[in-house]
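Numbering (my numbering), first residue to last: 260 to 476. Just so you know, even glycine gets a beta-carbon here, dropped at the ideal spot from N, CA and C. Owing to the predicted nature of the structure, the values given are computational and were not obtained by experimental measurement.
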């Protein structure tokens, strides 16, 4: 009988100990799970806050770019077109007949464009495209249009842009604004012009698409 009683008591004690251990394990598991949930909540809140800050910065950049582009339109009569992977800027930077000299007004426009490029498109490649009116041979006009583009490129470099990021190319008497107009004929000066193409990538491309319409009158 005594042996049986001891056995019964031992079993009851083991059961109580097991119950206590199970309860402590359960409470520890609950605390660990709660701590994990709290940590995840803090991380999610931090991520949301970071995203909100980043989104606010992007919106501010877009607003700033839109304002600067509008100033180019207002101050210099620029026409701006957002294209896939680039933005095209056309200033009324025109040249006298058979001349590649950039006028003082043209230099002022180029300097302002350089400021916008440094602010919003730092490191982007800018191509200066030169054009000529239809008078003269194709080879002569290719050379003339290239000299016009080169001179405008030099003005951009003088304004602080990196020479590795600015290119110049001449297209001669192609892509005429007013076909057939040359010399002193009406509209001929619009054929003797330069166009700027600024390559955009990644965020810059999205920002530019948001700030500049695909067409501009």
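Per DSSP, residue 365 lies in no beta strand (DSSP E) segment; the continuous alpha helix (DSSP H) that holds it begins and ends at 363-379. Taken through DSSP and simplified to helix, strand or coil, residue 434 comes out as coil. DSSP, reduced to helix, strand and coil, places residue 451 outside both helices and strands of the structure shown, so it counts as coil.
The region 353-361 makes contact with the region 404-420, as at least three CB pairs between them are under 8 Å.
For residue 288, the three-state secondary structure derived from DSSP is helix. The Cβ neighbour count for residue 365, taken over all protein chains shown within 10 Å, is at least 16; the residue is labelled buried.
Straight-line measurement puts the Cα of residue 455 at about 22 Å from the Cα of residue 398. By the criterion of a C-beta distance shorter than 7 Å, residue 424 is surrounded in its chain by 382, 383, 384, 385, once the five residues flanking it on both sides are discounted.
Buried is the label assigned to residue 450, since at least 16 other Cβ atoms lie within 10 Å of its Cβ.
Going by beta carbons, residue 337 and residue 370 fall outside the 8 Å limit. For the 8 Å CB-CB criterion, residue 452 and residue 428 do not form a contact. Here residue 387 is not near residue 372, since their CB atoms are 8 Å or more apart.
Secondary structure at residue 427: strand, using DSSP grouped into helix, strand and coil.
Within 10 angstroms of the beta-carbon of residue 326 lie fewer than 16 other beta-carbons, which makes it exposed.
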